[in-house]
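Those sequence lines, one after another, are chains A, B, C and D.
Numbered as in the working numbering, the first sequence ends at 646 without a single skipped number.
Numbered as in the working numbering, the second sequence ends at 514 without a single skipped number.
Numbered as in the working numbering, the third sequence ends at 381 without a single skipped number.
Numbered as in the working numbering, the fourth sequence ends at 258 without a single skipped number.
Just so you know, even glycine gets a beta-carbon here, dropped at the ideal spot from N, CA and C.
These notes concern the structure reproduced below.
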Amino acid sequence: MEAVAKGTDALALDAERDTFPKLVRLNARRFGSKVAIREKDLGIWRAYTWAQYFEEARLIALGLASLGFARGDRVAIVGDNRPRLYWAVAAVQALGGVPVPIYQDSVEKEMEYIVDHAEARFAVVEDQEQVDKLLGVRARCRRLQHVLYDDPRGMRAYREPGLASLSELRELGKKFEVSHPTYFDDEVGRGTADDIAIICYTSGTTGTPKGAMLSHRNLIATARNAAQVEGLREDEEVLSYLPMAWVGDHIFSYAQAIVVGFAINCPESAETVLADLKEIAPTYFFGPPRIWESVLTGVMVRVEDAARPKRAIVHFFLRLAQDIERRRLGRQPISLRQRLLYPLGSFLVYGPLKDNLGLSRVRRAYTAGEAIGPEIFLFFRGLGVNVKQLYGMTEASVFVTIQRDGDVRLDTVGTPITGVEIRISNEGEVLFRSPGVFQGYAKNPEATRQTLEGGWIRSGDAGFLDADGHLKIIDRAKDVSRLADGTMFAPKFLENKLKFSPYVREAVCIGQGRPCVTALLNIDLIAVGSWAERRNIAYTSYADLAQKPEVYELIHREVERVNRSLAEDAVLHATQVRRFLILHKELDPDDEEITRTRKVRRGFIAQKYAPLIEALYSGRDHVQVEAKVTYEDGRTGTMRADVKIRDVDLVAAQGGR
Amino acid sequence: MVDVVYAVLVAPFKDMAGSPAFLVEVLIGGVFAGLMYSLVALGFVLIFKASGVFNFAQGVMVLFAALTLVGLLERGVPVVLALALTTAVMVALAFAIERFVLRPLVNQEHIILFMATIGLNFFLEGFGEMLWGANVKKLDIGIPDRSFVVRGVQINELELTAAVTAALLVTLLAMFFQKTRIGRALRAVADDHEAALSIGIPLKTIWVVVWSVAGVVAIVAGLMWGAKSGVQFSLSLIALKALPVLILGGFESVPGAIVGGLIIGIGEKVGEVYWGPLVGGAIENWFAYVLALAFLLARPQGLFGEKIIERV
Amino acid sequence: MGRLEVIYREAGQFKATYASDQAIFPIVQDRVVVVAIAVVAFVVPPLVAGEYWLQAILIPFLIYTLAAIGLNLLTGYAGQLSLGTGGFMAVGAYSAFKLTTAFPQLSIVVVFLLSGLVAAVIGLGFGIPSLRIKGFYLAVATLAAQFFLIWLFNKVAWFTNYASSGTITAPHRTLLGVTVTGPNASAAARYVMALAFVAVFALVAKNLVRGRIGRSWMAIRDRDIAAEIIGVRPLRTKLLAFGISSFYCGVAGAELVFLYLGSAETLAFDINQSFLVLFMVIIGGLGSILGSWLGAAFILMLPILLTNLPHAVGLTMSVALQKQIELMVFGGLILFFLIVEPHGLARLWQIGKEKLRLWPFPH
Amino acid sequence: MSRAEAGGPLLEVEGVSVRFGALIALNRVSLGVAREEVVAIIGPNGAGKTTLLNAISGFYHPYEGRIAFAGRDRTHLRPPDVAALGIARTFQNVALFRGMSVLDNIMTGRLLKMRGSFLLEALYWGPARRQELEHRAAVERIIDFLEIQGIRKTPAGRLPYGLQKRVELARALAAEPTLLLLDEPMAGMNVEEKEDMCRFILDVNQEFGTTIVLIEHDMGVVMDISDRVVVLDYGRKIADAPPAEIRSDRAVLDAYLGVAHES
């Protein structure tokens, strides 16, 4: 690998390559006929080259210009991963505007906040569903003028002013070009590295979303540094399946794709992602822990249905692979027997499994966002998928640290990439600075000040650098607290341990200022449902299944397992789960209990489920709850449920470790 | 051209008018043959009605029954006992078929069940011949194969006995279906399995009964045909003769089987005698089929089938 | 040497065109294997296999496969049960005999194809009742074809060129300078000829069933009422099936005499022949071209196995007993098969393949 | 032709009676359906709703009366001819081709749009191959429209009921019909599936301008999506009015809604 310059050198950008539109133009010239983007549309993968990418972005830009687009205008981008939406991002940037991607599953109210806050004049959206929301938003946010859509289906009768399809916009662009032949190149030429390239609104576990502004320099430098560190090539294939509004997708599917010149692939629909993953078999893959976890759960559920001998073989070899991987990561010797058995496992289990999951061509994959359960991590690495932990934040243009090939560890998130410096504050908080450090939160100097101190970003995570320079994250700095007796309590750490069980979908651990740790759990409806089916346990709904005594038994065993593993931990052995209950409903972003990226909103839950939490500490073995529910037709009603509470035995600490 | 028309349309009728006694003889022969066909067709109908199975092995069941009977007689078993034992064998066979063929194939498509009976056909053929040997055997049940003359018409005693027996059996079966509880259940089951169950007779029992009855019919058929032309493999082919009867009479109609059998029997004999020579004879293999087919094109639901209104 | 990649590895085989998505073998591994088998089949047996293998096993296998494909088009795809296969094969055989003796200079390939056409026309005629009658009634009606046709060939001496023996004999004919029929034709030449025919017509059959025609057949088979309301015309569709099916059977019948038996009388095409082919279709798998190959192989190999097995283990038995045991085992196996897997070998194959593709998942 | 172009009703049913032996299933029923209209037929079980659809689609031939489509008499056509006119339908008990994949089922729906050329098809060559691929593309648009991408290669018989209904709609749409007859398109569906199906039906109507006649029991659905409601009772038409009026029609309440409320 080519040596990478350290420090500020990495910030220097060639004036011909300092914005994404310029890079796209370059790509169209450099490898014009190479595939830039594929979309599974109408049953087949339609490919677009870099030349088409550039041309389409150009026409969209000219079309926008004909509608009176001005430099600095903000454009809301809403929809599933679609080529035209990526092109629209480039088009907006080409005119010196700022794309503001918004989560496509946001409700109108959430969308309204961002459109209003970002002062968007344009919106480029996928389909009728989004158009309807945006038209609703526009009724209240008068600044929003034009809503442009990709898929015209169902909107034949729409006669709203300022509503047009991207195809129509493209035609406008062609017309505009006749009268303004040099307009596009002029506008692209005016762009500079320090223009804002995108505003990513972070959903935020508390309070209202904040719009992190990232410049072209931030993104290009970071994308390039990370690509160099990781040796990304032009022939990478990426599946773009994560929300465009999430900075991760922006960096992998947009920034790095453009900087390196590799191809991205847009799945057919949300339901077909797993099938599309198998068809494409990406070489470069990114997934937050919940994706890895759900893939693993899917594997386990399907394997459970297999005949007994096959199940035994699969389990045997999976255990073997995990054991080998654990030893390898722990730098422990691997026995000859294991060495001999691994190729057999590779033939019988690992190879076919990877192939079925579409992970057989993966050269590098990342997990980030939250800690990943060690068992999940070991599972995939054991299969031979080079999944690595990455530590990153929106405010850092994602990349802070990456585990390097050959230096992957279970409990750290790797070492800083080129250009990143890390420091630990006196309070134990991780601070860093890098070329990717953002330009501040849009219209929120207060929040910017809190996060950005003298060029250093306060990550909000508690952690430390180990002897080898690896960063280790313990928990959110503000979440690390103490039990009543002063014992250190890291709820997320516990929750992740609980969530490793395929049967536990969500966990919320409580303990701050309390005598012991308790947990509110969500079961995984698919995994527990199929478990129940195999045992002929009939159930009608989530609520019904959750309160079955057999299910409590099942979850009880899982909690005990967590307690046993906690007992081995030098610091956290005193925070074993003492009591738990299974919630009568699933935590739902629509109810604001978790964020759209499935982060638990602790404060809100503590408030909403206060009676349950009190019951957990009261010694009762069940509690009545009443919950407001909204029916499909908009009427509301009350649902009553009797939630059981279980005690769990604590395991004596094992002094050994 | 004119010769052909004359030979086909005129000459045969002239022959008929010219020798009425011979015509009656031919007709009686046709009725006798028809009753025999009816007997075999009845076996098909019984099974089809109750289980929806087109039992291709019906012919082999006839052969098997006859082989068993002859085998027992050859070993010196008295006629009555031999008949009883053969009946027992056929009932046992019904049980075995229900247990090993029908039950595992319940709810399969009809064509699969049909195929299964062809498999059964092969199995029974091999099994019967292995048990009793493959060579032609004479079945002597004590009725002489000779003729007497009534008003110039020759009547074969054996054929007459067979016809009477067949008629008797057909009547008995009709009574069985009309008068007995299980008979009514059998009729019900053809229309609606649920209804049959509500009468309180398990489907399993119904199947065993119906296959047993078909077995008994096969014994009688085997007895008659065997006595006439010896017990040999070709007995199993009389099943093929009964198929046109089914087309004509309908797969589900007992009266259809009887009337159809008579029509085929008479039509075949008359055709063979009066028109056969025109095309070189030996038309009995296909004539019945063509007759049935021609009839079917005009009336697809068969003789006694009801016009089916296709509900969509 | 890389890892063993013999099992399916499909990840990354994405389709960028409908043509590749609708290919007969969309999976790369399948394509490779099929092409390899085809090449090997043309090259290896003629060089390596002995007279017995070619004459007793491979040639009849190829010919019956062709007949089975034909019947499968009618019964498996269009859902019309036919018991007249033997009759239609006889039409092909006698037509070929008449054509090649009347026009000796006519290429034998053309003769075969024309015989198929004659059989197709006859098949169309016997398909007409299918408009009015369905299911077993139709099956029985096709028996009429069987009996009538055989009777016809027996009775009318013209068909055998007035041969006193009543048999037809394959005359000496060459193709591209190689003797392919007649007493002097080598087994290898006849094998290659039969293979070429069945390979081409299997492909044609596959093309038919994966396109417009095949879909109309299956529509009529699965739900005739729904088929009509989307515009499938039942008579035309069924007749087409009868015609094409009979064409296949006719060519197979011609091949049976010309490439396999050398000479034959009507006995070679009796009702048992119809059942034999029907068994191949059912055991192989209704509605599967692959199944026709598997079914023909299974049904032909079974008696050979049953004959040779007792010898192999040192048992001696009388011919009659052997014949009886063969019948029983044959019948028993068919029953066993129908009970265990009523959709035939093709389904077993498919399940096996799915299992391989999805391994280690069960579904 | 000219009458239809002049704006006459697309479908005219005039005094149609259908008899099965002694049973009079339809008794002089008249009904006009205008272009791009959504008409719902309701009525108790055995009221003759399906019989009416069967008469329109050519399965039953009326014993008296006349059926005209696009201004021409179509009383005595057979189902394939009716299909060729641009009338498609779905069935009360899903009538999919169970042995075929979803894709093939929908492809079969395009049969009338395809031209036959036997030899080319046998070789899968040239125009035949091109035609297959073009129609595949058209079918994919329908798959996309009805959001069934995830199941296109699944055998139809293996699908859950709700999806089978959707596939059947897709197959009917594949013929690009002018008139779509839907026999209880939402029977046996859960609330969510019903909502989806309603949306699809309305989308079909708006997007392609397809005229729709449907039989439905769910009064909520009927009121939501139809322009006009026709009520049958014992083979007679007892009401024919916009949904709002039907709600308050005494005869209808007596004959049908009262019954529906009891069940």
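query: Compute the Euclidean distance between the alpha carbons of alanine 219 of chain B and leucine 101 of chain C, then round it to the nearest angstrom.; result: 40 Å
query: Going by the DSSP bridge assignment, what does proline 150 of chain D pair with across the sheet?; result: D:Ser96
query: Please determine, among A:Phe43, A:Lys488 and A:Arg110, the residue with the shortest C-alpha to C-alpha distance to leucine 666 of chain A.; result: Any answer about residue 666 of chain A is impossible in this case: the structure gives chain A only from -10 up to 646.
query: Going by Cα to Cα distance, which pick from C:Phe355, C:Ala137, C:Leu257 and C:Gly200 is closest to glutamine 164 of chain C?; result: C:Ala137
query: Hey, would you say tryptophan 34 of chain A sits closer than 7 Å to phenylalanine 43 of chain C, going by beta carbons?; result: no
query: Can you tell me whether histidine 130 of chain D is buried or exposed? The criterion is at least 16 other CB atoms within 10 Å of its CB, across all chains shown.; result: buried
query: Measuring only the C-alpha atoms, how far is arginine 191 of chain C from glycine 303 of chain C?; result: 36 Å
query: Quick one: is lysine 232 of chain D buried, meaning 16 or more other Cβ sit within 10 Å of its Cβ, or exposed?; result: buried
query: May I ask you to list, following chain order, the residues of the segment 31 to 64 of chain C that have a beta carbon less than 9 Å from some beta carbon of chain A?; result: Gln31, Phe32, Lys33, Ala34, Thr35, Tyr36, Ser38 and Asp39
query: Residues in the segment 72 to 102 of chain C with C-beta within 9 Å of chain A's C-beta atoms, listed in sequence order?; result: none
query: Based on the DSSP secondary-structure assignment, which residues constitute the bridge partners of phenylalanine 64 of chain D?; result: D:Leu6 and D:Arg67
query: Between the C-alpha atoms of aspartate -2 of chain A and lysine 29 of chain A, what's the straight-line distance to the nearest angstrom?; result: A caution first: aspartate -2 of chain A carries a pLDDT of 45, below 50, which makes its placement in the model unreliable, though a value can still be read off. Each residue's alpha carbon lies about 40 Å from the other.
query: Got a sec? Which residues, its chain only, sit under 6 Å from alanine 34 of chain C by beta carbon, not counting five neighbours each side?; result: none
query: Measure how close the beta-carbons of isoleucine 348 of chain C and leucine 320 of chain C come, nearest whole angstrom, since I'm counting them as under 8 Å.; result: According to the sequence shown, residue 348 of chain C is phenylalanine rather than isoleucine. 6 Å between Cβ atoms; contact.
query: What did DSSP end up calling proline 637 of chain A once you bin it into helix, strand or coil?; result: Position check: residue 637 of chain A holds valine in this sequence, whereas proline was assumed. Correct three-state label for valine 637 of chain A: coil.
query: Using the DSSP secondary-structure output, state which residues sit across from threonine 356 of chain A in a beta bridge.; result: A:Gln378
query: Using a C-beta cutoff of 7 Å, does lysine 467 of chain A count as contacting chain C?; result: no
query: Going straight from the alpha carbon of tryptophan 39 of chain A to that of serine 242 of chain A, what length do you get?; result: 14 Å
query: Would you say tyrosine 491 of chain B faces chain C, with C-beta separation under 7 Å as the test?; result: yes
query: Any residues in the segment 322 to 345 of chain C with a beta carbon nearer than 9 Å to a beta carbon of chain G? Which ones, in chain order?; result: Within the model displayed, chain G is absent; protein chains A, B, C and D are what it includes.
query: At a Cβ cut of 7 Å, what residues of the segment 487 to 501 of chain A count as close to chain C, listed as they run along the chain?; result: none
query: Nearest to tyrosine 190 of chain A by CA position, among A:Asp116, A:Gly200 and A:Thr390, is which residue?; result: A:Gly200
query: Provide the residue span of the alpha helix (DSSP H) that contains histidine 329 of chain C, from first to last.; result: 307 to 330
query: Counting only Cβ pairs nearer than 8 Å, list the residues of chain D close to leucine 296 of chain C.; result: Within 8 Å Cβ-Cβ: nothing; leucine 296 of chain C doesn't reach chain D, min ~19 Å.
query: Determine the direct distance from the alpha carbon of phenylalanine 219 of chain C to that of serine 281 of chain C, and round the result to whole angstroms.; result: 24 Å
query: Rounding to the nearest angstrom, what Cα-Cα distance links alanine 20 of chain D and alanine 217 of chain C in this structure?; result: 55 Å
query: May I ask you to report which of helix, strand or coil DSSP gives tyrosine 36 of chain C?; result: helix
query: Please confirm if alanine 175 of chain C has its CB atom under 7 Å from at least one CB of chain B.; result: no
query: Run through chain A and tell me which residues come within less than 8 Å of glutamate 202 of chain D, C-beta to C-beta.; result: Arg142, Gly143 and Arg145
query: Counting only C-beta atoms, is methionine 102 of chain D closer than 7 Å to chain C at any point?; result: yes
query: Does DSSP put alanine 213 of chain B in a helix, in a strand, or in coil?; result: helix
query: Along the segment 116 to 134 of chain D, what residues have a CB closer than 8 Å to any CB found in chain A?; result: Arg131 and Ala132
query: Grouping DSSP H, G and I as helix and E and B as strand, with all else coil, what is isoleucine 343 of chain C?; result: helix
query: List the DSSP bridge partners of threonine 564 of chain A.; result: Its beta-bridge partners do not exist; DSSP assigns none.
query: Is the CB of alanine 390 of chain C under 7 Å away from at least one CB in chain B?; result: Shown here, chain C extends from 19 to 381; a query on residue 390 of chain C therefore has no answer.
query: Kindly say whether methionine 332 of chain B, judged by its beta-carbon, lies nearer than 7 Å to any beta-carbon of chain C.; result: yes
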